[in-house]
Amino acid sequence: MASKAEIESLEGLLRKLPAEDQAEAFRILYGNHPEDVAVHPAVQKLAEECDFDVAAYRFSAAPEQLRGPRKVRVGVIQTQIIEPTDAPIEQQFQAICRRTEQLIHAAGAMGCNVLGLQEAWTMPFAFCTREKHPWLEFAEPIDGPSTQFLAGLARQYNMVIVSPILERDNMHGGTIHNTAVVIGNRGNIIGKHRKNHIPRVGDFNESTYYMEGDTGWPVFETQFGKIGINICYGRHHPLNWLMFGINGAEIVFNPSATVGALSEPLWPIEARCASIANNYFTLGINRIGTESFPNEFTSGDGKAAHNDFGHFYGSSYITAPDGGRSPGLSRTRDGVLVAEVDLNHCRQVKDKWGFQMTQRLKEYAEVLSAAAQHDFEPQVISDPGLAHVAPNKGAVGLHHERPKTLKAPTPTAPLSLSQDHSKSLLMNSVTQPTKVES
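Quick look at the structure:
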């Protein structure tokens, strides 16, 4: 659970403002605010009994003459682990599944058509520990127990489910991957996508377990739209988002596991920026809670050994192609967020802003191809006058001094040996045959 120092949500603070100021603050921060949608009393009762939050919104698009509305309901779930991390693996897995099932029932009752779960939802985010045992016991093939479990719920609610798991690829030597499985609304497996960018920062020791994915940037065509999945750290890479847009995505999920001290100021910006730049819907999903592990571990940033990763701050949200976004879920509580969207909105915003028409893919590709080569030279045009500017540490602005680097040691004088001494050293260095005892 969160400590007393953790506020529940940014939106909770904003709602303390007077009504008029509150509306203006939301307009400035969140753009075109979606319409609030009332949650059915039965769903609200389930949420209260099972102690989680529910929220629903509606993003509207303009009516068109030749195309009817393409309305679907998209949603996300954020949760914390249930059992302590030193509990038996099977016990932890079953408890997480039971808890997730409660929230999926709520999403299904809210009419959700496409639902995204958080990164590695079946387990604690143990990759900070660098320990292989017991955490790799959570790994499973894409048709493993979590997929079998979710397939029944997908059929029950006619719902596509994006299920990010720790994958063990038994067809390729049991290799481990950070993978999202896309389960169709008939309970079938549509496909999978593996995480493209693996962090190597702070406690994110994920490359101890798996490396960069090999599935490209697939877009999954479903009954409810074209879906992409940008897993966690990939949200820091604008070209990663771009590739899903190039492949025709209308909805892109960003299942994540990220903590406050590292990324919280970036969280409300990155998926939203991707929606604006690529004109599709994005859904940012983050787990909640503080997960403590039996053994202390160290960081790549010099912190003292510790047992927990930090506070996972939730705050899952949905953004429309024009940059308007929903309020986020809580920073401290499990929750379900569902939004009705009209996929016609994607093309309408593309037509309005013309980003795809004005982008320069051919020119980008040429420079990127060159930049990938070892002999690449950046296109830098220097002010010729800089050659005549003497370094002045008292001046305001850049100091044009050569950066300090390590200095090459000065070779010492060689040993002065007599010719006879040198010969004796060489003779002594010759390996003599080993005498074998009879």
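Under the working numbering, think of the first position of the sequence shown as 573, with each following residue one higher. Think of the CB as a built atom: it goes at the ideal place given N, C-alpha and C, for glycine as much as any other residue. These figures come from a predicted structure and were not determined experimentally.
Rounded C-alpha distance that separates residue i from residue j
i, j, result
"Ile-654", "Leu-901", "19 Å"
"Ala-610", "Glu-592", "22 Å"
"His-765", "Ile-737", "10 Å"
"Ala-723", "Asn-730", "10 Å"
"Asp-741", "Glu-868", "29 Å"
"Ala-943", "Glu-935", "12 Å"
"Phe-776", "Gly-872", "9 Å"
"Gln-951", "Val-939", "10 Å"
"Phe-948", "Glu-703", "39 Å"
"Gly-716", "Ser-835", "32 Å"
"Met-1019", "Asp-786", "Residue 1019 falls outside the range modelled here, since the chain spans only 573 to 1010, and no answer is possible."
"Ser-581", "Ile-890", "15 Å"
"Leu-601", "Ile-841", "10 Å"
"Lys-798", "Ile-748", "27 Å"
"Ser-988", "Thr-977", "33 Å"
"Arg-639", "His-809", "34 Å"
"Lys-979", "Gly-832", "40 Å"
"Ala-849", "Gly-895", "9 Å"
"Ala-574", "Pro-641", "Caution is warranted here: a pLDDT of 42 is assigned to Ala-574, below 50, making its placement in the model unreliable, and no coordinate value can be reported."
"Leu-933", "Thr-982", "50 Å"
"Ala-595", "Ala-614", "29 Å"
Neighbourhood of residue i by C-beta, 6 Å cutoff - its chain only, sequence neighbours within 5 removed
i, result
"Gly-886", "Gln-650, Asn-858, Ile-860, Leu-901, Ser-902, Arg-903"
"Trp-707", "Ala-698"
"Ile-579", "none"
"Gln-928", "Lys-922"
"Gly-683", "Arg-645"
"Gly-746", "Arg-740"
"Thr-719", "Val-753"
Residue i and residue j closer than 8 Å at C-beta
i, j, result
"Thr-794", "Gly-763", "no"
"Glu-583", "Pro-899", "yes"
"Val-646", "Asn-685", "yes"
"Phe-796", "Val-732", "yes"
"Asn-760", "Glu-778", "no"
"Thr-862", "His-883", "yes"
"Ala-829", "Val-791", "no"
"Ser-847", "Ala-892", "yes"
"Asp-906", "Gln-652", "yes"
"Asp-923", "Ala-633", "no"
"Val-773", "Ala-752", "no"
"Ala-711", "Val-908", "no"
"Gly-926", "Ser-888", "no"
"Phe-631", "Pro-606", "yes"
"Thr-854", "Asn-826", "yes"
"Ile-823", "Tyr-852", "yes"
"Pro-771", "Glu-739", "no"
"Phe-865", "Thr-657", "yes"
"Gln-728", "Gly-680", "yes"
"Ile-676", "Leu-725", "yes"
"Glu-691", "Cys-804", "yes"
"Met-695", "Gln-664", "yes"
Per DSSP, cross-strand counterpart(s) of residue i
i, result
"Lys-643", "Asp-914"
"Tyr-629", "Asp-608, Ala-911"
"Val-686", "Val-646, Val-732"
"Ile-801", "Phe-825"
"Val-773", "Phe-776"
"Gly-817", "Answer is none; Gly-817 lacks a bridge partner."
"Leu-738", "Asn-750"
"Leu-855", "Phe-825, Ile-890"
"Glu-712", "Glu-739"
Terminal residues of the beta strand (DSSP E) in which residue i lies
i, result
"Arg-587", "First-last for Arg-587: undefined, no H or E at that position."
"His-883", "878-885"
"Thr-747", "747-755"
"Ser-864", "860-869"
"Arg-766", "761-766"
"Glu-793", "792-794"
"Thr-891", "889-891"
Host alpha helix (DSSP H) of residue i (start-end)
i, result
"Ala-937", "933-943"
"Lys-617", "613-622"
"Leu-834", "832-835"
"Lys-672", "Note that residue 672 is Thr in the sequence shown, not Lys. Unbroken alpha helix (DSSP H) run through Thr-672: 661-681."
"Thr-930", "927-930"
"Ile-848", "839-850"
Contacts around residue i, its chain only, beta-carbon distance under 7 Å, and the 5 residues preceding and following it disregarded
i, result
"Asn-812", "Asn-768, His-769, Asn-802, Gly-806"
"Glu-1013", "This structure gives no information on residue 1013, because the portion of the chain shown stretches from 573 to 1010."
"Glu-709", "Ile-661"
"Asp-608", "Tyr-629"
"Ala-843", "Arg-807, Asn-826, Thr-854, Gly-856, Thr-891"
"Ala-619", "Asp-625, Val-626, Ala-678"
"Pro-975", "none"
Contacts around residue i, its chain only, beta-carbon distance under 8 Å, and the 5 residues preceding and following it disregarded
i, result
"Ala-597", "Leu-586, Leu-589"
"Thr-672", "Ile-649, Thr-651, Leu-689, Trp-693"
"Thr-701", "Trp-707, Asn-777, Phe-865, Asn-867, Phe-869"
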